[in-house]
């Protein structure tokens, strides 16, 4: 049986997970693929760094260049992460015409076009299934399984840490800070947690999904991104009463108004309890994909962790191995900019329903003042909750609006917060009904 | 740009759906694939059969052989259905070395090995993504996206008609017969509905999934199959009280006991409300796949209908077109019997928890008699409900058991129904907790 030789950069948690999964299922994979995968060299930071699964010492080296430059190595797996040395490594491998498999969303997000260009120059391929939604084969599904579709809407729960925190807030009634601290203690959140909590990681992944779906590269800085720091327990509770839960969604939506273009954003969003995405809890990820032919689909699984990531990395290795076996190394190129034109619409123009929570003085006429401002902004009110029996001088006031542009909503909100009867910072979140 | 020529057999609902989707997205597909797909001939039953989308008259013929034998035609799409003429058509195309794309689960189930052998003889390929779970790319996910996994368990809601009926029973409190009649009126169920309701269609699909997952062909007659005729509103209600809903599941489960082997069955099953499969309602399908590396995943979407099926058919056409473009027509062969041995365990040996509903005379000592029979059979009782205030002389008695073999359960049940205090037919269903 033909054999392909793998070099791996990174032998920590994920790297040892990949090696372990291959040890376990490499024989089945070979039987399925008709080609044998062999790990021949693995570069690590240090020989004695702790790893959850062992890797035989003779495979290890601390010299990454020895891996990339080894003439035996045909496929390079990059699991180093980040945008520094990992970029150098990936470019070095691609320049030699070697296929690269990576799980590095930050690198793709920051340097995608540079990497694709480097790959194109040598005819090398670059695979990145593990970069979005961990073990869920969402990249393959978008590019191959749903290739006959255009994508009016994609909504992804793409960051496991945020989803874990929001799920626990929802289920336990606990506060954000409390759950975050516990998540850090348990290893579900990093310290500092900013990359996840501020939505940056979700931004990287949403950009990759949007780029693949719409056929033009979506740079990270064009993606309006809000994290989950402002989601408080009180909002979780009111959302719940209204029949919603709050999830951090990566959104890529084709706009059907006169101007067209695509909305790409990462935003905490109220979604109805009855929607399948609402039942995606804990560290799980899911991607809700609406195809113009297939209709609504959902892909669900573990978004991170050494084993789920290993499954995705090895599926890329399998594709790359088939490419090598059959001499078709660009069957599915790393990125196909097939759209003749693509445009990201500024967030100001994006239309949505909104959830609004204000803290108001408990006196007559307050609601009238707020309603007047919204009316002038042409923002319809769908429902209002003003809970009875709230202690103190201030009462929470919750409004659900009809469709409004982000700009109109935030202009109106500014006027509302300037009212002397309003105190504190208002909470405002998108509402998505998946219509 | 290179071009591949398609001949299609069947131009009714699904056929016209495929043609329509291609008209709509063929240009995008070509841009994505770097190869142009062209429909050159479509065989129909009659020129004036009603079709939801129009097909240009010059493409139509009533002579299917003219399509298969057309030297231009490289890929043949079979959408005729059934195991009669469709078999002849598919074999004819494969014998000529033409790639076949089919949505025909009945044919695959009945003649899979014959078709695969015919394909192997000429080196032709056979694709069948649309045969299971409609628009969900589950075949591709199992064979490629999750290729690094073995599959301890797969649970599929694979029949939209059954799921539609069960969902409405659950949501509306309506009876089976009532919902079925309405489903037939609305076109969600066929007349007669037996292929769906008796679980045959689910059996075909479960067999295909199990074969792909476990690497040996699972013939339909080895799949223990129960339909949904015995699911009554009263069971739906009691299940609900216990925290469960009832779904028709296609099951393919690797057994970890000493004897090993695989359970493949189709059975109405109680599943916990909190499980993602419980929120799969209406005509939607979903496949819950547990991979030994990736963990738990779920794939959800429309299981039938002209558009969802078109999406799957065209994704196969895309793969076949890439194969032709690159000269790699057996990159992923139609079926890879990679398991060195495979064994279906008889249903009698399958262990499960059970839900049991009996109708008992309302007198002291009844429960003691039942409990004694179960104790002798070594079947533990997990919980009992005997609802108060039931009119008449008979009371329903609901038992949830611990693990028991199918044989032990049904032996005990036979003894129980022979008790003079028990009347009518008992209801017995599997309970699945996905542990």
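Chains as they are written, first to last, in the working numbering: chain A, 1032 to 1466; chain B, 1032 to 1466.
All C-beta atoms in this analysis are idealised placements derived from N, C-alpha and C, irrespective of residue type, glycine included.
From a predicted model like this one, the values you see are computed outputs, not experimental measurements.
The alpha-carbon separation between residue 1159 of chain A and residue 1135 of chain A amounts to approximately 7 Å. Straight-line spacing of the CA atoms in residue 1151 of chain B and residue 1254 of chain B works out to 26 Å.
In the DSSP assignment, residue 1032 of chain B falls outside any beta strand (DSSP E), carrying neither H nor E. In the three-state reduction of the DSSP assignment, residue 1367 of chain A falls in the coil class, being assigned neither a helical nor a strand state. Residues of the region 1368-1379 of chain A with a C-beta less than 9 Å from any C-beta of chain B: 1369, 1370, 1371, listed in chain order.
Contacts between residue 1328 of chain B and chain A, judged by CB atoms closer than 7 Å, involve 1166, 1167, 1331, 1332 in chain order.
The region 1143-1223 of chain A contains, as complete beta strand (DSSP E) runs of 3+ residues, the segments 1184-1188 (chain order). Sequence-distant Cβ neighbours of residue 1415 of chain B in its own chain, meaning closer than 6 Å and more than five residues away, are 1430. Per DSSP, reduced to three states, the secondary structure at residue 1057 of chain B is helical.
Between the alpha carbons of residue 1161 of chain A and residue 1340 of chain A lies a distance of about 6 Å. Beta-bridge annotation (DSSP): residue 1386 of chain B is paired with B/1431, B/1460. Distance from the Cα of residue 1262 of chain A is smallest, within the candidate group A/1194, A/1180, A/1291, for A/1194. Judged by DSSP in its simplified three-state form, residue 1269 of chain A adopts helix. A straight line joining the alpha-carbon of residue 1225 of chain B with that of residue 1234 of chain A spans about 49 Å. Considering only beta carbons, the part of the region 1301-1329 of chain A lying closer than 7 Å to chain B consists of 1307, 1310, 1322, 1324, 1325, 1326, 1327, 1328, 1329, in chain order.
For the options B/1166, B/1165, B/1123, the alpha carbon positioned closest to that of residue 1145 of chain B is the one of B/1123. Cα atoms of residue 1349 of chain A and residue 1334 of chain B: separation of roughly 28 Å, rounded to the nearest angstrom.
Residue 1376 of chain A carries a coil assignment under DSSP once its states are collapsed to helix, strand and coil. By a beta-carbon distance limit of 8 Å, residue 1073 of chain B does not contact residue 1344 of chain B. Their separation comes to about 13 Å. Exclusion of the five residues before and after residue 1222 of chain A leaves 1215 as the residues of its chain whose Cβ lies within less than 8 Å of its Cβ.
By the Cβ criterion, the region 1035-1045 of chain B is in contact with the region 1097-1113 of chain B, since at least three pairs of Cβ atoms, one from each stretch, lie closer than 8 Å. Under the Cβ distance rule, residue 1059 of chain B counts among the residues neighbouring chain A, one pair being separated by less than 8 Å. The Cβ neighbour count for residue 1078 of chain A, taken over all protein chains shown within 10 Å, is under 16; the residue is labelled exposed. Distance from the CA of residue 1035 of chain A to the CA of residue 1063 of chain A, rounded to the nearest whole angstrom, comes to 15 Å. If only uninterrupted alpha helix (DSSP H) runs of at least 4 residues are considered, those enclosed by the region 1306-1362 of chain B are 1337-1357. Between the region 1452-1459 of chain B and the region 1293-1308 of chain B, the count of Cβ pairs shorter than 8 Å is below three; the stretches do not touch. For residue 1284 of chain A, the number of other beta carbons within 10 angstroms of its own is at least 16, and it is reported as buried.
Counting only residues of its own chain and dropping the five nearest sequence neighbours on each side, residue 1319 of chain B has a CB closer than 6 Å to the CB of 1186, 1308, 1329.
Within the same chain, and ignoring the five residues on either side of residue 1332 of chain B in sequence, the residues whose Cβ sits closer than 8 Å to its Cβ are 1164, 1165, 1166, 1167, 1315, 1316, 1317, 1339. According to DSSP, residue pairing for residue 1038 of chain B in a beta bridge involves B/1072, B/1107. Residue 1190 of chain A counts as buried, since at least 16 other C-beta atoms from the protein chains shown sit within 10 angstroms of its C-beta. In the structure shown, residue 1084 of chain B falls within a coil segment according to DSSP collapsed to helix, strand and coil. By the neighbour-count criterion, in which a residue is buried when 16 or more other Cβ atoms sit within 10 angstroms of its Cβ, residue 1466 of chain A is exposed. Between the region 1431-1448 of chain B and the region 1399-1415 of chain B, the count of Cβ pairs shorter than 8 Å is three or higher; the stretches touch. Cβ neighbours of residue 1096 of chain B within its own chain (closer than 8 Å, five residues either side excluded): 1123. Inter-segment contact for the region 1262-1272 of chain B and the region 1289-1296 of chain B is absent: fewer than three beta-carbon pairs are separated by less than 8 Å.
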